[in-house]
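If you want it as structure tokens, here you go:
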């Protein structure tokens, strides 16, 4: 395995600290406001994160050339820690095991369609700026 430069690891770690904490607070807030019946927090987090990744990748490679470490901080660090595929997978399987087919389908479709749409939207917005 190649040795990673300390600056890159540190930069990713800083972004991850903020991303993980943002995920925690958004998830808790959504559960409090919208209720625990559906994983709205996970869905919102994944949609926002997909939008941000789409935007930041295009914006920082095609529109505004910045130090690559900022891209590491924003995309890999923050967005990587903010989004949560593992929670999405776990929640979907929980619905499956409970026989809640409608909620399982809603979770699968909403996460996949909305996240892909958000990533495309983020890319398009970045190209317009």
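Numbering (the numbering used here), first residue to last: 19 to 147. Built from N, CA and C at the ideal position, the CB exists for glycine as well.
Run through DSSP, which three-state label would residue i get?
i, result
"residue 84", "coil"
"residue 108", "helix"
"residue 53", "coil"
"residue 102", "coil"
"residue 25", "helix"
"residue 147", "coil"
"residue 117", "coil"
Would residue i and residue j qualify as a contact pair, given that the criterion is a beta-carbon distance under 9 Å?
i, j, result
"residue 125", "residue 109", "yes"
"residue 98", "residue 34", "yes"
"residue 29", "residue 83", "no"
"residue 68", "residue 132", "yes"
"residue 144", "residue 96", "no"
Under the assumption that residue i contacts residue j (Cβ atoms under 8 Å), give the Cβ distance between them as a whole number of angstroms.
i, j, result
"residue 63", "residue 100", "6 Å"
"residue 102", "residue 41", "6 Å"
"residue 141", "residue 53", "The Cβ separation is near 33 Å, so there is no contact."
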